[in-house]
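S.K.: Here it is: the structure, laid out below.
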Amino acid sequence: MRCESPEKYYIGCSGWHYDHWRGLYYPDGLAKPGWLQFYASGFSTVELNNTFYRLPSERALANWRESTPPDFIFAVKVSRFITHVKRLRNLGSPMREFLSRIRLLKEKLGPILYQLPPNMRRNEELLMEFLSSLPPEYKHVLEFRHESWLNDSVFHILRQHSVGLCVFDMPGFRCPLGATADFAYLRFHGSASLYSSCYSDEELSRWAREIVQLGKDVRAVYIYFNNDAEAFAVRNALTLSQLISTA
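Under the working numbering, the first residue of the sequence shown is numbered 484, with each subsequent residue one higher.
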C-alpha cells in the first residue's frame, strides 16, 4: 500500500531497518539490501535514527540516495555526541563533520533533528548561542525532552531563528502542537507504551484534524512514527496519511 497524502505532508517511520518487520511489512524473501527501496515505494520520507549512534559512511549515504525516488526526503537525527555528550556546547568540529557527511544526501536531505536529553533543563542563553551557530541553509528542528523547555519564551527564540519545534507524543508527556518555522515536525513514540504501542484509529483521527489545521500555516509537515514494535509505525503512518487525505 502506498502512503498517499496531500503534497505538503511527508509521513513515514523513524527508520526502516528493523528485523522484526520481516513478514509484518517486508516480504519474507526480500533481502535486507532491498528493504529501503521497498519502504520508499510506500512512503515519501524516513527519519534516520542510526545517525544518532554513528555517522554513516559516504557509500551508505550515496546508496540510500540512489535507492529512493526523486522526491523522497530523509530527515536526519543528529549524533548523540552533539546533543548528549557535548550538550550543544563547543560544537565547531563535531558539527562540521556531521553536516559535511549528511549533505551527501543532496536534494533529499530534509530536516535535521536535535533531540535533547531528558535531564537537560532550559537554558535560554545556551539555546540562543547554539541557534545562532547553525547554518541557515538547512531545516533545523529541536525536540525538548525536559518539560522546562516547553514555554512561550523558548518558542519565541525558535521563531526568531526560524528553527522548528518538534511536536512529540509519548506516554505521559506531550509537546504542545505548533510550529515555529515555515514547516512543522511531529514524532509519535507511542501513547500507551513507549515505542511499543499502536495508536487507535480514534486517536489518529483526532491528530489528523489538528494536523490539517496546523498545515494551513506552514509550507510542509513532516511526521514520523517511532513505535517500531510489531510494525505499528507502518500501520499508523498509513492510517494517518489516509485520514489527512480525507480530512
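Here a beta-carbon is modelled for each residue, glycine too, at the ideal position from N, C-alpha and C.
1. Please name the residue in Ala712, Ile694 and Gly525 whose C-alpha comes closest to that of leucine 726.
2. Roughly how many whole angstroms lie between the Cα atoms of phenylalanine 564 and glutamate 490?
3. Could you spell out the range, first to last residue, of the alpha helix (DSSP H) harbouring threonine 528?
4. Is the Cβ-Cβ distance between lysine 591 and phenylalanine 557 less than 8 Å?
5. Between the C-alpha atoms of leucine 519 and arginine 584, what's the straight-line distance to the nearest angstrom?
6. Beta carbon of leucine 596, beta carbon of leucine 571: below 8 Å?
7. Using the three-state DSSP reduction, which class does glycine 495 fall into: helix, strand or coil?
8. State buried or exposed for lysine 560, treating a residue as buried only when at least 16 other CB atoms are found within 10 Å of its CB.
9. Quick one: Cα of histidine 639 to Cα of phenylalanine 651, how far?
10. Just verifying my parser: in three-state terms, what is the DSSP assignment at proline 577?
11. Which residue comes first and which comes last in the alpha helix (DSSP H) that contains valine 695?
12. Look up proline 600 in the DSSP assignment and say whether it is helix, strand or coil.
M.R.: In short:
1. The residue from Ala712, Ile694 and Gly525 with its alpha-carbon nearest to that of leucine 726 is Ile694.
2. Each residue's alpha carbon lies about 34 Å from the other.
3. Where threonine 528 is concerned, there is no enclosing alpha helix (DSSP H), although the beta strand (DSSP E) it sits in stretches over 528 to 531.
4. Against a cut-off of 8 Å, the Cβ pair of phenylalanine 557 and lysine 591 comes out as a contact.
5. 20 Å
6. no
7. strand
8. buried
9. 18 Å
10. helix
11. Here the alpha helix (DSSP H) through valine 695 covers 684 to 698.
12. coil
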